[in-house]
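Enquirer: Counting in the numbering used here, the sequence shown runs from 59 upward without gaps. Just so you know, even glycine gets a beta-carbon here, dropped at the ideal spot from N, CA and C. Since the structure is predicted, the reported quantities are computational estimates derived from the model, not experimental observations. Got a structure here, written out as structure tokens. Questions coming.
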Amino acid sequence: MAQHDILINWSPQETRVAVIEQGAVQEVHIERALERGLVGNIYAGRVQRVLPGMQSAFVDIGLERTAFLHVADLMPQIQQRFGAGRGEGGEPRGAPPPIERQVFEGQTLLVQVLKDPIGSKGARLTTQVSIAGRLLVFLPYDEHVGVSQKIPNPQREVLRQRLQALVGEGGGGFILRTNAEDASDEELADDIAYLRKTWARIRERANTAAPPALLYEELTLVQRVLRDLATPATRSIQVDAREQFAALQAFAAEFTPQVADRLQLYRGERPIFEPYQVDEEIQKALGRRVDLKSGGYLVIDQTEALTTIDVNTGAFVGARNFDDTVFRTNLEAAQAIARQLRLRNLGGIVIIDFIDMAREEHREAVLSELRKQLARDRVKTMVGGFSALGLVEMTRKRTRESLAQMLTEPCPACDGRGRVRTARTVCYDILREILREARAFNPREFRIIASPAVIERFLDEESQHLAGLSDFIGKPISLQSESAMTQEQYDIVLL
59 MAQHDILINW SPQETRVAVI EQGAVQEVHI ERALERGLVG NIYAGRVQRV LPGMQSAFVD
119 IGLERTAFLH VADLMPQIQQ RFGAGRGEGG EPRGAPPPIE RQVFEGQTLL VQVLKDPIGS
179 KGARLTTQVS IAGRLLVFLP YDEHVGVSQK IPNPQREVLR QRLQALVGEG GGGFILRTNA
239 EDASDEELAD DIAYLRKTWA RIRERANTAA PPALLYEELT LVQRVLRDLA TPATRSIQVD
299 AREQFAALQA FAAEFTPQVA DRLQLYRGER PIFEPYQVDE EIQKALGRRV DLKSGGYLVI
359 DQTEALTTID VNTGAFVGAR NFDDTVFRTN LEAAQAIARQ LRLRNLGGIV IIDFIDMARE
419 EHREAVLSEL RKQLARDRVK TMVGGFSALG LVEMTRKRTR ESLAQMLTEP CPACDGRGRV
479 RTARTVCYDI LREILREARA FNPREFRIIA SPAVIERFLD EESQHLAGLS DFIGKPISLQ
539 SESAMTQEQY DIVLL
């Protein structure tokens, strides 16, 4: 993997991370303080009420509303370790004993949040704790060693045997995640050590903290940089906030010592993102069009089902012949596409429409370049060949929301269609509606309130049609421009 730098721009309301490779922004990660959920957090909670009729209990974990724990989310073995006095069933797994035989009011439980509070409902809890690492998920109360079902069968058994050998006698179970399919034994061992150390810290706090108390908070984006993004190819990790730098140093010293020496406090006069024009790249990544240096361009459209990328030559005419022009444009496009997929975090099915190439060796060279560039992506990708229609189909694993989904929302003016009806179309909608209203009501006058573009059209090109309708219904029609209205919005007032 190519050498890269990681820049962390921190503010109380938002954390932004950019991965810089070969002088260009390759990835952007964003986390907002008000949008952080509680899922994954682990608490020492106190049982407030047990409801036998609902087979559930309400647990105080220090939030505004008590949290909800159903009997199906209880693991009896946990109660023996963290419960006290009566109510500890100790029954073997299978059909769970009634909740009133497992917990009691005032009991301390170690619980993890399954679902965030929504509206008037409190958080949903479980005692079946799991802790996610970069490559593995740790199950403290389970001895099972498993592998993600998404990994093909033959590889699954090999990976399971490798993982079992690495786990040893330390206790607890592990599940190997899909993104660990190609991980080395050293990387897996580092993740096992990190997860066991995290669990030891949680248990230590559980034995000393008075409930309700937060024992473990799902890592912030700044911490996940060290756990998930930092690799041996990382040259530096620069953060522009002194307090966060100190916190990262402490976290790295305990959990990820292999990257601690690469942490740096950014002291530049300009904002940390400015030298690499990160904000400008984010703004460009929200648009459909991506210009290539040669004069060609890409058009990227993200839909619910898939993403389409269309390659165009544009103004590129610099090569000696047309075939060479197309080939060079497609080669440059392959490099740009791989970068845009990472930058925009586009996942799922991707259909690429390269410019048609007559020569087979050109097609193979473009495919080879695309695969080479995608090999630098930390997210798993699969690329097919050219189809009979000249399209390239590929997939990229979905890991989180795309950049556009995180930073934008459907346009209220066009309801997310990306297009609005023309002023002329809206004029004709209004004329039809006035005709319907005139048949049902008998006002003194009709007044059209609409956007300036629609009103201007009525005063100019559509004035004859408006006058003709007024004569036909025998009522005056007045116009009122409203700048706050979008082109598709209008009101017809009966006076």
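Suppose you measure from the CA of Leu65 to the CA of Gln165; what does that come to, to the nearest Å?
Expert: Taking the first residue of the sequence shown as position 1, residue 65 is located at position 7. Taking the first residue of the sequence shown as position 1, residue 165 is located at position 107. The straight-line gap from Cα to Cα measures roughly 45 Å.
Enquirer: Looking only at its own chain, which residues have a Cβ that is under 6 Å from the Cβ of Leu432, when we skip the five neighbours before and after it?
Expert: Numbered from its first residue, the sequence shown carries residue 432 at position 374. Closer than 6 Å at the Cβ level, and outside the excluded window around Leu432, lie Ala396 and Thr439.
Enquirer: Nearest-angstrom Cα distance between Phe313 and Thr185?
Expert: Position 255 of the sequence shown, counted from the start, is the residue given in the question as residue 313. Position 127 of the sequence shown, counted from the start, is the residue given in the question as residue 185. Cα atoms of Phe313 and Thr185: separation of roughly 25 Å, rounded to the nearest angstrom.
Enquirer: Could you tell me whether the region 475-495 touches the region 519-534, where touching means 3 or more Cβ pairs closer than 8 Å?
Expert: yes
Enquirer: Is Glu338 helix, strand or coil when you go by DSSP?
Expert: Along the sequence shown, one-based indexing puts residue 338 at 280. Glu338 falls in the helix class under three-state DSSP.
Enquirer: If distances are taken between C-alpha atoms only, which option among Gln71, Val105, Ala76 and Val512 comes closest to Leu461?
Expert: Position 403 of the sequence shown, counted from the start, is the residue given in the question as residue 461. With distances taken between Cα atoms, Leu461 lies closest to Ala76.
Enquirer: Is the separation between the beta-carbon of Ala391 and that of Leu356 shorter than 8 Å?
Expert: Here residue 391 refers to the residue found at position 333 when the sequence shown is read from its first residue. Here residue 356 refers to the residue found at position 298 when the sequence shown is read from its first residue. Cβ atoms of Ala391 and Leu356: closer than 8 Å.
Enquirer: Would you call Gln137 buried or exposed, if buried means 16 or more other Cβ atoms sit within 10 Å of its Cβ?
Expert: Taking the first residue of the sequence shown as position 1, residue 137 is located at position 79. For Gln137, the predicted structure reports a pLDDT of 41, less than 50, and the residue's modelled location is therefore unreliable. A value from the coordinates is still provided. Answer is buried; the Cβ neighbour count reaches 16.
Enquirer: Can you round the beta-carbon distance between Val187 and Gln170 to whole angstroms, since I take them to be within the 8 Å contact cut?
Expert: Here residue 187 is taken as the residue at index 129 of the sequence shown, counted from 1. Here residue 170 is taken as the residue at index 112 of the sequence shown, counted from 1. That pair is a contact at about 5 Å.
Enquirer: Give the secondary structure of Ala181 by DSSP, where H, G and I count as helix, E and B as strand, and everything else as coil.
Expert: The count along the sequence shown starts at 1 and reaches residue 181 at position 123. Looking at Ala181 - three-state DSSP - the assignment turns out to be coil, as it is neither helix nor strand.
Enquirer: Would you kindly report the start and end of the unbroken alpha helix (DSSP H) that includes Gly526?
Expert: As a position in the sequence shown, residue 526 is number 468, starting the count at 1. Ser521 to Ile531 is the extent of the alpha helix (DSSP H) around Gly526.
Enquirer: Buried or exposed: where does Asp243 fall if 16 or more other Cβ atoms within 10 Å of its Cβ makes it buried?
Expert: Position 185 of the sequence shown, counted from the first residue, corresponds to residue 243. That one is exposed.
Enquirer: Mark Phe504 as exposed unless 16 or more other C-beta atoms lie within 10 angstroms of its C-beta, in which case mark it buried.
Expert: In the sequence shown, residue 504 corresponds to position 446, counting from 1. Buried, by the Cβ-count rule.
Enquirer: Using DSSP's beta-bridge definition, name the partner residues of Val369.
Expert: Here residue 369 corresponds to residue number 311 of the sequence shown, with the count starting at 1. The secondary-structure analysis by DSSP pairs Val369 across a beta bridge with Leu356.
Enquirer: Applying the 10 Å Cβ sphere with the 16-neighbour rule, what's the burial state of Gln222?
Expert: As a first step, residue 222 must be located in the sequence shown, where it is residue number 164. It is exposed - the Cβ of Gln222 has fewer than 16 other Cβ atoms within 10 Å.
Enquirer: Between Glu85, Arg259 and Leu449, which has its C-alpha nearest Leu401's C-alpha?
Expert: Within the sequence shown, numbered from 1, the residue matching residue 401 stands at position 343. Minimum Cα distance to Leu401 is reached at Glu85.
Enquirer: Less than 8 Å between CB atoms is the rule here; does Asn403 satisfy it with respect to chain C?
Expert: The structure shown has no chain C; it contains just one protein chain.
Enquirer: Flag this pair as yes or no: are the beta carbons of Ala471 and Thr544 separated by less than 8 Å?
Expert: Here residue 471 refers to the residue found at position 413 when the sequence shown is read from its first residue. Here residue 544 refers to the residue found at position 486 when the sequence shown is read from its first residue. A contact, by the Cβ cut-off of 8 Å.
Enquirer: For Glu540, collect the residues of the same chain with a Cβ closer than 6 Å to its Cβ; drop the 5 residues on either side in sequence, then sort them by chain order.
Expert: Here residue 540 is taken as the residue at index 482 of the sequence shown, counted from 1. Closer than 6 Å at the Cβ level, and outside the excluded window around Glu540, lie Ile507.
Enquirer: Return the CA-CA distance between Val97 and Gly448, expressed in angstroms with no decimal places.
Expert: Counting from 1 along the sequence shown, the entry for residue 97 is found at position 39. Counting from 1 along the sequence shown, the entry for residue 448 is found at position 390. The straight-line gap from Cα to Cα measures roughly 44 Å.
Enquirer: Mind checking whether Leu404 and Asp435 have CB atoms under 8 Å apart?
Expert: Start at 1 with the first residue of the sequence shown, and residue 404 comes out as number 346. Start at 1 with the first residue of the sequence shown, and residue 435 comes out as number 377. No, Cβ-Cβ distance for Leu404 and Asp435 is not below 8 Å.
Enquirer: Give the DSSP-derived three-state secondary structure of His202 in the structure shown.
Expert: As a first step, residue 202 must be located in the sequence shown, where it is residue number 144. Correct three-state label for His202: coil.
Enquirer: Cutting at 6 Å between CB atoms, please list the residues of its own chain near Phe116, excluding the five before and the five after it.
Expert: Position 58 of the sequence shown, counted from the start, is the residue given in the question as residue 116. Taken in chain order, the residues that qualify are Gln106, Arg107 and Thr124.
Enquirer: Taking the continuous beta strand (DSSP E) assigned at Ser536, which residues delimit it?
Expert: By 1-based counting over the sequence shown, the position of residue 536 is 478. Per DSSP, Ser536 belongs to the beta strand (DSSP E) from Ile535 to Ser539.
Enquirer: Does Ala125 come out as helix, strand or coil in the three-state DSSP assignment?
Expert: Within the sequence shown, residue 125 is the residue found at index 67, counting from 1. In this structure, Ala125 counts as strand in the three-state DSSP scheme.
Enquirer: Suppose you measure from the CA of Asn265 to the CA of Lys255; what does that come to, to the nearest Å?
Expert: Position 207 of the sequence shown, counted from the first residue, corresponds to residue 265. Position 197 of the sequence shown, counted from the first residue, corresponds to residue 255. Taking the straight line joining both Cα atoms gives about 16 Å.
Enquirer: Do you know how far the Cα of Thr236 is from the Cα of Glu215?
Expert: What you label residue 215 is simply residue 157 of the sequence shown in a count that begins at 1. What you label residue 236 is simply residue 178 of the sequence shown in a count that begins at 1. Near 14 Å, if we compare the C-alpha coordinates of Thr236 and Glu215.
Enquirer: Only counting the same chain, and skipping five residues up and downstream in sequence, which positions put a Cβ closer than 8 Å to that of Asn388?
Expert: The count along the sequence shown starts at 1 and reaches residue 388 at position 330. Once the five neighbours on either side are set aside, the close Cβ partners of Asn388 are Val369, Phe412, Ile413, Met415, His420 and Val424.
Enquirer: Between Glu427, Gln281 and Gly231, which lies nearest to Glu201 when the distance is taken from Cα to Cα?
Expert: In the sequence shown, residue 201 corresponds to position 143, counting from 1. The candidate whose alpha carbon is nearest that of Glu201 is Gly231.
Enquirer: Assuming Met464 contacts Val408 (C-beta within less than 8 Å), just tell me the rounded distance between them.
Expert: Here residue 464 refers to the residue found at position 406 when the sequence shown is read from its first residue. Here residue 408 refers to the residue found at position 350 when the sequence shown is read from its first residue. At roughly 19 Å, the Cβ-Cβ gap does not stay under 8 Å, so Met464 and Val408 are not in contact.
Enquirer: Quick check on the burial criterion: 16 or more other C-beta atoms within 10 angstroms. Buried or exposed for Arg61?
Expert: Taking the sequence shown and counting its residues from 1, the one referred to as residue 61 is at position 3. Rather than Arg, the amino acid found at residue 61 in this sequence is Gln. Gln61 comes out exposed.
Enquirer: Helix, strand or coil for Phe451? Go by DSSP, reduced to three states.
Expert: Residue numbering aside, residue 451 sits at position 393 when the sequence shown is read from its first letter. For clarity, residue 451 is Glu in the given sequence; the question names Phe instead. Residue state, collapsed to three classes: strand.
Enquirer: Under 8 Å between the Cβ atoms of Tyr324 and Gln296?
Expert: As a position in the sequence shown, residue 324 is number 266, starting the count at 1. As a position in the sequence shown, residue 296 is number 238, starting the count at 1. Yes, they are a contact pair.
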